[in-house]
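The structure appears below as structure tokens.
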Amino acid sequence: MDKIVLDEMQLLQLKRFIRIEEGIKEADVVDEILDHLACKTEEMMNQDIFLSFEKAVQAAYYSFGFGGFRLMARQYEKTMKKLVWKEFKKAIPAVIFSNKMVMSLVWCCFLSLVAFWRERYFAENILSGIIVYLMMGTMLSFYIVQFKYSFLAKDSLVDLRMDKGALMWQKKVVRMIGIDILFLPFLFSNFYFKFNPFVFLVILMLFGFLSMVNSFAKMETMNRMKFKFGKTA
Amino acid sequence: MDKDKIIKGSLSTIILQLIQNNNQMYGYEITKAVKEASKGKMGLSEAALYPTLHKLEDEGLIETETKIVNGRTRKYYSLTKKGNTASIDQLAVLKEAIASLQNVLKYKLSNG
Chain A
1 MDKIVLDEMQ LLQLKRFIRI EEGIKEADVV DEILDHLACK TEEMMNQDIF LSFEKAVQAA
61 YYSFGFGGFR LMARQYEKTM KKLVWKEFKK AIPAVIFSNK MVMSLVWCCF LSLVAFWRER
121 YFAENILSGI IVYLMMGTML SFYIVQFKYS FLAKDSLVDL RMDKGALMWQ KKVVRMIGID
181 ILFLPFLFSN FYFKFNPFVF LVILMLFGFL SMVNSFAKME TMNRMKFKFG KTA
Chain V
1001 MDKDKIIKGS LSTIILQLIQ NNNQMYGYEI TKAVKEASKG KMGLSEAALY PTLHKLEDEG
1061 LIETETKIVN GRTRKYYSLT KKGNTASIDQ LAVLKEAIAS LQNVLKYKLS NG
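These protein sequence lines are chains A and V, in that order. At position 55 of the first sequence the residue is numbered 55 (our numbering), and the sequence of numbers has no breaks. Numbers given in our numbering equal positions in the second sequence, counted from 1, plus 1000.
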């Protein structure tokens, strides 16, 4: 007799169960759990041909133990974060020493010199300039890592994972730096220009642009997920 | 005593060794291999297996490849170069520990 293999409808049912009832969202983890559950269900159904699909799934599900799916998802999240961190570490120096960033540092130094000439606060100015420079560089690196992976090969699982990982990091960074960035004009207030509405406006615009990029990249990821599951879900 | 507790400590060694012996394995195959090789006396739970696999991947000891089998995506794990050396090292450590344990269990005080 032929071995029982789950059909498309049954796989769809399992996928629905994992994604909706168990709340696992990461495509990679869903795939892995799905394959395992399906293998186990098939084996049980092959051993006992009178066993119904539902009962076999239930038994297979219990083998994961309490919170088993979640544990998998959590470990997966950690792995992704580390992967992206590796990429990110490579991106920082590239961004910080890029022409445009170096030009902005030169500009900061120039402003500091002007301030020194007018008001003699050289040390504070240079310090705030460098802090702003490093903050911007770090933030930009995250966006570049994310950008790189959100537009790479569409079916590659690794790229999708990196993209997801970058999104998670980015959320963290935006939470950490995103609010601080609104205070940048006050950092600049050490410069010759006290509170500069122009600098404030430029930073607001930059912030708006970054959030636009962010939502665009998110849309990209969601579209791709739809594309990935489009055939079955 | 629960046998599963004993294998928990050497889980990564077991997984690395199994993958090394079979070149390429997927998650379900690993649990099945442990069960079959121990004739059902040892069980590897999914809740322990996958986090360990992801951790090993994270450490760069194993790498993954996905294939479509029976209409679903299957993730195959294989050892990296680093994983190969780690597997050999960890197996040697485990064997040594087992030998020491056997000696401890046989030990009797000579002047007791």
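Positions of the beta carbon are idealized from the N, C-alpha and C atoms, including for glycine.
Residue burial annotation: Lys-25 (chain A) is exposed, with fewer than 16 other C-beta atoms found within 10 angstroms of its C-beta. For the pair Leu-11 (chain A) and Val-5 (chain A), the Cα-to-Cα distance works out to about 10 Å.
At a Cβ-Cβ threshold of 9 Å, Leu-1061 (chain V) and Ser-1100 (chain V) do not count as neighbours. Fewer than three Cβ pairs drawn from the segment 1039 to 1048 of chain V and the segment 1102 to 1110 of chain V lie within less than 8 Å of each other, which leaves the two stretches out of contact. Against chain V, a Cβ distance below 9 Å from Gln-75 (chain A) picks out Tyr-1050, Pro-1051, Thr-1052, Leu-1053, His-1054, Lys-1055 and Asp-1058. When secondary structure is reduced to three states using DSSP, Met-80 (chain A) falls in the helix class. Linking Asp-7 (chain A) to Lys-86 (chain A) through their CA atoms gives a straight-line distance of about 40 Å. Using a Cβ-Cβ cut-off of 8 Å, Gly-65 (chain A) is close to Ser-1045, Glu-1046 and Ala-1047 of chain V, given in chain order.
Any Cβ of chain A closer than 9 Å to the Cβ of Val-1069 (chain V) would place that residue at the interface, and such an atom is present.
Look at Glu-1036 (chain V) here: in three-state DSSP terms it is helix.
Close partners of Val-5 (chain A) in chain V (Cβ separation under 8 Å): Asn-1070. Excluding the 5 residues flanking it on each side, Arg-1072 (chain V) has no same chain C-beta neighbour closer than 8 Å. Your pair Thr-1052 (chain V) and Ser-1012 (chain V) checks out as a contact, with CB atoms roughly 6 Å apart and the cut at 8 Å. The segment 1017 to 1037 of chain V makes no contact with the segment 44 to 61 of chain A, as fewer than three CB pairs between them are under 8 Å. Proximity of Met-44 (chain A) to chain V, defined by a Cβ-Cβ separation below 9 Å, is not satisfied. If you check each beta-carbon in the segment 1021 to 1041 of chain V against every beta-carbon of chain A, the ones closer than 9 Å belong to Tyr-1026, Gly-1027, Tyr-1028, Glu-1029, Thr-1031 and Lys-1032.
Taking a Cβ-Cβ cut-off of 8 Å, the neighbours of Lys-40 (chain A) in chain V comprise Tyr-1028, given in sequence order.
Restricting attention to beta strand (DSSP E) runs no shorter than 3 residues, the segment 1070 to 1109 of chain V encloses them at 1072 to 1079, ordered along the chain. Residue pairing for Glu-1065 (chain V): DSSP places it in a beta bridge opposite V:Tyr-1076.
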